[in-house]
Structure formats: C-alpha cells, structure tokens
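Beneath this line is the structure, given in structure tokens, with notes to follow.
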Amino acid sequence: MLQLSGLTKTYGDQPGVDRVDLAAPSGSRTVIVGPSGSGKTTLLRLIAGFETPDAGNITLDGRPLDTVPPHQRNIAYVAQEGALFPHMSVAENIGFAIPRQASNRESRIDTLLARVGLSAAMKSRRPHELSGGQQQRVALARALAQQPALMLLDEPFSALDTGLREAMRDMVEAVLREAGIASILVTHDQSEALAFADHLVVMRDARIADAGQPQRLYEQPIDIETAKFLGETIIFEAAIRGGVADTPLGPLAVDHSDTAKATILVRPEQVRIAENGTLARILHSSYRGAARRLELECQSAGHFSIDVPAATSLTQGDSVCLAVNGRGHVFRSR
Ligand code: ADP
Ligand code: MG
C-alpha cells in the first residue's frame, strides 16, 4: 500500500504539487487525470524518487521512502516516450534489471517479451528499429522485469493512435492484474481514465480536486470544473422542494435536498425525446454512424447535444419534447 500525506513540491513560486494526500492499496489501479500543468508528472516523479518533496511524506507498505534512492524503492516508472537505452538491444533493455548471474535470465526475458505481446524475433533489434507501440511494449517489459510493488505510468499511450492505444491499455491492464502489481496511470484522456481506474483522482492547479470511484466522480463530481473535465454537462440553477428540483427540463429528483436552491448537473445522456415535456429546437443534426447527434436549444437549459438512434426522421429546425432519466446531481461546494 502506497500512502502520500501532505506531499508538496514548489518550483520557485510555482506550485508543482500542493498538499496531496493519496492512498493506493496493493494491487489497485489508480488513475490521475487533469489538464496540462496540473502537477501529474511532478507527483509521479516524487513517488519514484526523481524529485525531493519540500514537505510531506511517502510510505510504501509502511516503509518511509524519504531517504530511499529511486532504484531501491521497488517502484517502476514508464514515461510518455519509453526512454529505452538506444544503444542496447530489446533483450538487453528488458534484462537491464535482471542480475547478469541469474541462471534463468534468458528465460525471464523471453517470458516478459511474450507477456507484452512481442515475438522472440524482436530480441536483437535496437529501439530505433521498432514502432512507437513496440517501444512502449519493451518499456513496459523492462519495468515488469523489476518485479515492482508499484508501477507508475506517465501518459504511456499518448504517442499512439486510437486503435493501438486501446489495445495497449487493455494489454497493460491485463498484465498488471495478472502480476498483481499496483499501478498509478497518468492520462489527460478522460475516457481512458474512466475505463482503467478503480480509483480516480482529478488534479487541478497542483491539488487534488476530487478523488474516488470513477462512477461517483462522473455522476456526482465535487464541482462544476470537475464535472466538465470528465464529460458533457447540462448545468442550471433550480429551487428544490421535497427532494425534487423545479428545473428548466421539468421536475427532477435530486441526490441532495438539504438546500432550497442549488446548482444542478444533468449529463446529456440522461435526456431523451418524449411525448410531452420541455420544448427544445433542433439546431443541427449530424450522422455519427452508430447514432445521430442532435444539437438542441432549450430556452431555459441552454445549448447541449444528445445522441438518438441514427434512423430518426428528426431534422434541423424541428421542435421536440424532452424528458430526463434518473436524478440530477446537486453541487455542494461552490
Ligand atoms: P502535468 O504533468 O500535469 O502536465 P507537471 O507536473 O509537469 O504537470 O507540472 C506542474 C507544474 O510544475 C507546472 O506549472 C510546471 O511548469 C511546473 N514544473 C514541473 N517541473 C518543473 C521543473 N523541473 N522546473 C520548474 N517548474 C516545473
Ligand atoms: Mg505530465
């Protein structure tokens, strides 16, 4: 179990990471998301030991890491661009952390290669003879060879294109799960974050804005910025009475009713076209293959888009009635 408390790092007068508390249980998958410059890389580098905190502390399985150098932390780090040793072959890169005298050295390298989905024919190649995706696989195998308690992955898929990216993500998830290695993955892609995490952390301005189960963060984010960062939003002010908000989209059950007036979040996928309800006008309709996206203008709830079956006969200029499924989320902090 990794535990961070009050972790702080400042560069000049620029906060890199500011009073961060975080716990990652053994075998868990934590994902950190946040805009560029929010402190994600700094946080990972502090955990890895490449940076020294100004305040706060880090423990791994109860052991304080303050004075432990990076290579003795039992933590592996995979950077955005694999950072392989360019003059070494694939096998030498992967074998870097395996003692020379280990009798099973060769077979361990072969096993790791297979685990990350690379053929044995790759062993003698140099990094420049590999594609970006292959390089990241080697970087992952090299990190796995350390048999770490914790794997840190800093945007490891961001240089890959969409299809490959998803395949790599699934592969990494499966490999880490099999090996029982806890991981912290940094990404700026919110759908990747929601798919990979069992614990999601949203960073903003060097601090943790919200953290918890991905579904809780998506459905009940702490504030408007977090809500917008994780997906499309429809946000309005409404009066609440008896657990029901009087909203521009009609009466709506809400998750907290201890205030008389509140700011409320509805996700566009909760909105459907109904027989009767709030009137909206279709500003634009675009075909998306699996669905048709309707851009709507609703007098009091503003502009937003919803997806409907592609076969709909609705077109630009039509008026529709809207209803909302589920509950609205009341923002409790402002
Ligand atoms: P992210 O990974 O979320 O994009 P970083 O952790 O790289 O963010 O950066 C967080 C903040 O710390 C930024 O304002 C960045 O400019 C600053 N920073 C990071 N590393 C350094 C450094 N070595 N020297 C000075 N400022 C830094
Ligand atoms: Mg970064």
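Those letters in the sequence shown? Residues 1 to 334, by the UniProt record's numbering. Built from N, CA and C at the ideal position, the CB exists for glycine as well.
Environment of residue i [buried if 16+ CB atoms lie within 10 Å]
i                : result
histidine 87     : exposed
phenylalanine 50 : exposed
alanine 139      : buried
lysine 228       : exposed
glutamate 129    : exposed
aspartate 18     : buried
arginine 288     : exposed
proline 248      : buried
glutamine 136    : buried
leucine 294      : buried
histidine 284    : exposed
isoleucine 95    : In the sequence on display, residue 95 carries glycine and not isoleucine. It is buried - the Cβ of glycine 95 has at least 16 other Cβ atoms within 10 Å.
residue 383      : Residue 383 is absent from the model: the chain starts at 1 and stops at 334.
threonine 52     : exposed
lysine 9         : buried
Nearest to residue i (by Cα), restricted to the options the options
i              : options                        : result
arginine 216   : Leu249, Val330, Ala206         : Val330
residue 336    : Ile94, Cys298, Asp161          : This structure gives no information on residue 336, because the portion of the chain shown stretches from 1 to 334.
arginine 327   : Ile222, Ile75, Pro156, Ile264  : Ile264
alanine 24     : Ser191, Arg45, Ala211          : Ala211
proline 32     : Glu106, Leu194, Arg137, Thr8   : Note that residue 32 is isoleucine in the sequence shown, not proline. That would be Leu194, whose Cα lies nearest to the Cα of isoleucine 32.
glutamine 213  : His256, Ile58, Ser28           : Ser28
asparagine 325 : His284, His303, Ala274, Leu294 : Ala274
glutamine 220  : Gln72, Arg332, Arg105, Leu7    : Arg332
alanine 55     : Gly62, Ala197, Gln146, Gly16   : Gly16
isoleucine 208 : Asp66, Asp13, Gly34            : Gly34
serine 183     : Ala290, Ala238, Val201, Glu166 : Val201
aspartate 170  : Ala143, Arg281, Gly117         : Gly117
Any chain B beta carbon closer than 7 Å to residue i
i           : result
glycine 243 : Going by chain labels, chain B is absent from the structure shown, which holds only one protein chain.
- Please go through the region 102-160 and give each complete beta strand (DSSP E) segment of 3 or more residues, from N-terminal end onward. 150-154
- Query: Using the beta carbon as the reference atom, which residues fall closer than 6 Å to any heavy atom of the ligand ADP, ordered along the chain?
  - Reply: Tyr11, Gln14, Gly16, Gly34, Ser36, Gly37, Ser38, Gly39, Lys40, Thr41, Thr42
- Item | alpha helix (DSSP H) segments (min. 4 residues) lying fully within the region 1-74 | 40-48
- Message: What ranges does the alpha helix (DSSP H) occupy inside the region 173-216, keeping only unbroken runs of at least 4 residues that lie completely in it?
- Response: 190-196
- Could I get the ranges of all uninterrupted alpha helix (DSSP H) runs contained in the region 239-289, with 4 residues as the minimum, in chain order? none
- Query: On the three-pair Cβ rule with 8 Å, is the region 35-54 touching the region 92-104?
  - Reply: no
- Message: Would the region 74-84 count as touching the region 143-162 if we require 3 or more Cβ pairs under 8 Å?
- Response: yes
- Message: Check whether the region 305-322 and the region 277-287 touch, using three or more Cβ-Cβ pairs below 8 Å as the test.
- Response: yes
- Three-pair Cβ contact test at 8 Å for the region 121-128 versus the region 161-171: no
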